[in-house]
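Novice: This is the structure, below, for whatever I ask next.
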Amino acid sequence: MSSKKIKSALISVYHKDNLEPIIHELHRNGVTIFSTGGTQDFIEKLNVPVIPVETLTSYPSILGGRVKTLHPKVFGGILSRRGLDSDLAQLAEYEIPEIDLVIVDLYPFEDTVASGAGEQDIIEKIDIGGISLIRAAAKNFKDVVIVSSRNQYDYVLDLLKQKNGATDLADRKHLAKLAFNVSSHYDTAIFNWFNNDEENFFKQSILQSQTLRYGENPHQKGVFYGDLDAMFDKLNGKELSYNNLLDVDAAVNLMAEFSSAKPTFAVLKHNNACGLASRNTLLQAWSDALAADPVSAFGGVLICNQKLDVATANEINNLFFEVIIAPDYEQEALDLFLQKKNRIVLKQKPVELPNKQFRTILNGVLEQDKDLKTANKNDFKTVTKKSPNAQEIVDLEFANKLVKHTKSNTIVFAKNEQLLASGTGQTSRVDALRQAIVKAKSFGFDLHGAVMASDAFFPFPDCVELAKNEGITAVVQPGGSIKDQESIDYCDANDLAMVTTGIRHFRH
Numbered sequence: 013m014s015s016k017k018i019k020s021a022l023i024s025v026y027h028k029d030n031l032e033p034i035i036h037e038l039h040r041n042g043v044t045i046f047s048t049g050g051t052q053d054f055i056e057k058l059n060v061p062v063i064p065v066e067t068l069t070s071y072p073s074i075l076g077g078r079v080k081t082l083h084p085k086v087f088g089g090i091l092s093r094r095g096l097d098s099d100l101a102q103l104a105e106y107e108i109p110e111i112d113l114v115i116v117d118l119y120p121f122e123d124t125v126a127s128g129a130g131e132q133d134i135i136e137k138i139d140i141g142g143i144s145l146i147r148a149a150a151k152n153f154k155d156v157v158i159v160s161s162r163n164q165y166d167y168v169l170d171l172l173k174q175k176n177g178a179t180d181l182a183d184r185k186h187l188a189k190l191a192f193n194v195s196s197h198y199d200t201a202i203f204n205w206f207n208n209d210e211e212n213f214f215k216q217s218i219l220q221s222q223t224l225r226y227g228e229n230p231h232q233k234g235v236f237y238g239d240l241d242a243m244f245d246k247l248n249g250k251e252l253s254y255n256n257l258l259d260v261d262a263a264v265n266l267m268a269e270f271s272s273a274k275p276t277f278a279v280l281k282h283n284n285a286c287g288l289a290s291r292n293t294l295l296q297a298w299s300d301a302l303a304a305d306p307v308s309a310f311g312g313v314l315i316c317n318q319k320l321d322v323a324t325a326n327e328i329n330n331l332f333f334e335v336i337i338a339p340d341y342e343q344e345a346l347d348l349f350l351q352k353k354n355r356i357v358l359k360q361k362p363v364e365l366p367n368k369q370f371r372t373i374l375n376g377v378l379e380q381d382k383d384l385k386t387a388n389k390n391d392f393k394t395v396t397k398k399s400p401n402a403q404e405i406v407d408l409e410f411a412n413k414l415v416k417h418t419k420s421n422t423i424v425f426a427k428n429e430q431l432l433a434s435g436t437g438q439t440s441r442v443d444a445l446r447q448a449i450v451k452a453k454s455f456g457f458d459l460h461g462a463v464m465a466s467d468a469f470f471p472f473p474d475c476v477e478l479a480k481n482e483g484i485t486a487v488v489q490p491g492g493s494i495k496d497q498e499s500i501d502y503c504d505a506n507d508l509a510m511v512t513t514g515i516r517h518f519r520h
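Per our numbering, the sequence shown starts with residue 13, numbered consecutively.
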């Protein structure tokens, strides 16, 4: 039969939160409960009958609790096939009771690692009995229900109430699937801790997921794997789309470069900044960021590094945007944004981001370290006769931070800590430069006295020549071309300052 009444249960959990209602529901349905240690004590305090596993196995918990449930009388009761006469005969021969439900909550291995605990404490949080119980019960899903995480308690409680202590095969198979997800994730975390990036094995696992409306385009399925609630408080708006998330990721990573800077605002579209400015007030930063490209800003993602005030919000409110991100909001500013139900308003939380990146390609996966290097004035090496002045150094730092987060090939123009224009995603560096020049002029910017940043070296002197002709006075680039000297010589002959960083920032 597909539907099976639960008659006996083994419960052994680390976290007892929200377990009590399940215990009472099992008791109401006359289920015999076996348990161990702290879980047994917890059940006894609820005045619910419970049989110690030691009574079943005739063995106490030994080796400091390392061995409690690892016994044929436990695993035989879980793994026995109820429809196989030989299995049932052996259960009778060895006086092994059938176990229909297993509830296990594994030792918190990942939390222990994250806490900075020592090696021995971490090793002791590698669950052996629990993981074995999960696998055994999940394997035998045709006869046994497995509850492998406290996150499943509400679902199982509803199931027990709706079906009066019985489950269907589909229920058991669904819970078995969840169980193997839990166990594989747990083993991945343990492996990655042992490996510590010493050998190249691709092992990634994320338990949380969120189904998106669609992927990059409506005909593509999209899913986000991760915990957005740990990253943001979503204060308003529709669900984030696949493309929203790409832009939000680009925005968060860019603004991380300005976390300790003066008030800074950025506007992003298709993963690139179309506006960025640092000013003495957030209102002025917003105004100057928008000025760089008010056309592309329409429907964009906005982000700032300060609490967003109502004066700035009033100005932002004149623009249609998809998402706004800030570390906090004045209440009046928030009330203003809440007037339109689809606007996505995010309050960013201080969360440590991953330092690895990976993407699928061909029939495999590429993995790399995240680009965490950002050159500052202390890293700049002046390679020309002329050195940049104090303001140019500030602007070179500003432009170099931005060029790091812009699609290659890219050129960035900046002046007085404001993005004037950028050329992005071009197949040649000189094309990116020409694009930036056209864009700057189209929005009325004078490039005289501005600086230029490049994500990679100049293979020829044509870029610095074009830049000079437009009024650029200082340049920052990684260097490393066999023809670097040609660009340096041109700068020396034409009164330009150039610094190199030795750090390339390709972004594809």
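Where is the CB? At the ideal position from N, CA and C, for every residue including glycine.
1. Alpha carbon to alpha carbon, what distance is there between Asp29 and Asp117?
2. Give the single residue among Lys85, Val487, Arg184 whose Cα lies nearest to the Cα of Lys154.
3. Consult DSSP for Leu408 and reduce its assignment to one of helix, strand or coil.
4. Compute the beta-carbon to beta-carbon distance between Val463 and Ile484, rounded to the nearest angstrom, for a pair I have assumed lies under 8 Å.
5. How is the beta strand (DSSP E) around Asp117 delimited, first residue to last?
6. Across which residues does DSSP place Ser221 in a beta bridge pair?
7. Does the segment 358-378 touch the segment 223-230, meaning 3 or more C-beta pairs lie closer than 8 Å?
8. Inspect the beta-carbon positions of Ala509 and Pro400 and report whether they are closer than 7 Å.
9. When DSSP labels each residue in this structure, what does Leu445 get in the three-state scheme?
10. Does the contact criterion of 3 or more C-beta pairs under 8 Å hold for the segment 167-187 versus the segment 201-212?
11. Go ahead and label Asp259 buried or exposed: buried means 16 or more other beta carbons lie within 10 angstroms of its beta carbon, across all protein chains shown.
12. Which one of Asp97, His197, Asp347 has the shortest CA to CA distance from Glu105?
13. Going by other Cβ atoms of all chains shown within 10 Å of its Cβ, with 16 needed for buried, is Asn292 buried or exposed?
14. To the nearest angstrom, report how far apart Leu266 and Gln403 are at their CA atoms.
15. Apart from the five residues on each side of it in sequence, which residues of its chain come closer than 8 Å, Cβ to Cβ, to Pro64?
16. Rounded to the nearest angstrom, what separates Arg78 and Ala468 at their Cα positions?
17. Cβ of Ile111 within 7 Å of Cβ of Gly89?
18. Pick out whichever of Asn329, Ala129, Gln318 has its Cα sitting closest to the Cα of Ser271.
19. Going by DSSP, name the residue or residues bridged to Arg371.
20. Taking the beta strand (DSSP E) that Ala21 falls in, what are its first and last residues?
21. Would you call the segment 302-322 and the segment 235-252 touching, i.e. three or more CB-CB distances under 8 Å?
22. Kindly indicate which three-state DSSP category Tyr71 falls into: helix, strand or coil?
23. Evaluate contact between the segment 339-347 and the segment 365-374, counting only Cβ atoms and requiring at least three cross-stretch pairs below 8 Å.
24. Work out the CA separation of Ile356 and Ile337 for me, nearest whole Å.
25. Have a look at Leu358, Leu75, Ile500, Phe87 and flag the residue whose alpha-carbon is nearest the alpha-carbon of Ala242.
26. Going by CA-CA distance only, name the one from Pro61, Asp139, Gly130, Thr396 that's closest to Asp496.
27. Per DSSP, what kind of secondary structure is Thr386 in: helix, strand or coil?
28. Quick check on the DSSP output: what are the complete beta strand (DSSP E) runs of length 3 or more inside the segment 435-500, in order along the chain?
29. By the 10 Å Cβ neighbour count, where 16 or more other Cβ atoms means buried, how is His27 classified, buried or exposed?
30. Considering only the alpha carbon of each residue, which of Leu408, Arg371, Ala278 lies closest to Ile487?
31. Go ahead and label Gly130 buried or exposed: buried means 16 or more other beta carbons lie within 10 angstroms of its beta carbon, across all protein chains shown.
32. Grouping DSSP H, G and I as helix and E and B as strand, with all else coil, what is Thr276?
33. For a quick check, are the C-beta atoms of Asn354 and Lys250 less than 7 Å apart?
34. I think His231 touches Asp383, with their Cβ atoms under 8 Å apart; what is that distance to the nearest whole Å?
35. Have a look at Pro471 and Asn390 and give me their C-alpha separation to the nearest angstrom.
36. Determine whether the beta carbon atoms of Phe425 and Leu432 lie at a separation below 7 Å.
Specialist: With the structure as the only source:
1. One C-alpha to the other measures close to 11 Å.
2. The shortest C-alpha separation from Lys154 is found at Arg184.
3. Leu408 falls in the helix class under three-state DSSP.
4. The pair is a contact, with the Cβ atoms about 7 Å apart (cut-off 8 Å).
5. Per DSSP, Asp117 belongs to the beta strand (DSSP E) from 113-117.
6. Paired residue(s): Tyr237.
7. Segments in contact, no.
8. In terms of Cβ geometry, Ala509 and Pro400 form a close pair [threshold 7 Å].
9. Judged by DSSP in its simplified three-state form, Leu445 adopts helix.
10. Too few Cβ pairs lie closer than 8 Å, so no.
11. Asp259 is buried by the Cβ-count criterion.
12. If you compare the alpha carbons of Asp97, His197, Asp347 with that of Glu105, the shortest gap goes to Asp97.
13. Exposed is the call here.
14. If I take the Cα positions, the gap works out to 22 Å.
15. Phe46, Ser47, Thr48, Gln52.
16. Near 56 Å, if we compare the C-alpha coordinates of Ala468 and Arg78.
17. Yes, the pair counts as a contact, with Cβ atoms nearer than the cut-off.
18. Residue Gln318 holds the alpha-carbon nearest to the alpha-carbon of Ser271 among Asn329, Ala129, Gln318.
19. Answer is Leu378.
20. Run containing Ala21: 20-25, per the beta strand (DSSP E) assignment.
21. Two segments are said to touch when three or more pairs of C-beta atoms, one from each, lie closer than 8 Å; by this definition the segment 302-322 does not touch the segment 235-252.
22. Coil at Tyr71, not helix or strand.
23. Touching, no, given that fewer than three Cβ pairs across the two stretches are closer than 8 Å.
24. Looking at the two C-alpha atoms, the distance is approximately 9 Å.
25. The alpha carbon of Ala242 has as its nearest neighbour, out of Leu358, Leu75, Ile500, Phe87, the alpha carbon of Leu358.
26. Of the candidates Pro61, Asp139, Gly130, Thr396, the one whose C-alpha sits nearest the C-alpha of Asp496 is Thr396.
27. DSSP places Thr386 in coil when its eight states are reduced to three.
28. Runs of the beta strand (DSSP E) spanning 3 or more residues and lying entirely within the segment 435-500 occur at 463-466, 486-489, in chain order.
29. Under the 10 Å beta carbon count, His27 is surrounded by fewer than 16 other beta carbons and is classified as exposed.
30. What sits at residue 487 in the sequence shown is Val, not Ile. Selected option, being the one with the closest Cα: Leu408.
31. Burial is judged here by how many other beta carbons sit within 10 angstroms of a residue's own beta carbon; Gly130 has fewer than 16 and is exposed.
32. Strand, per DSSP.
33. Cβ distance < 7 Å, so Asn354 and Lys250 count as in contact.
34. That pair is no contact at about 32 Å.
35. The alpha-carbon of Pro471 is positioned some 25 Å away from that of Asn390.
36. Yes, they are a contact pair.
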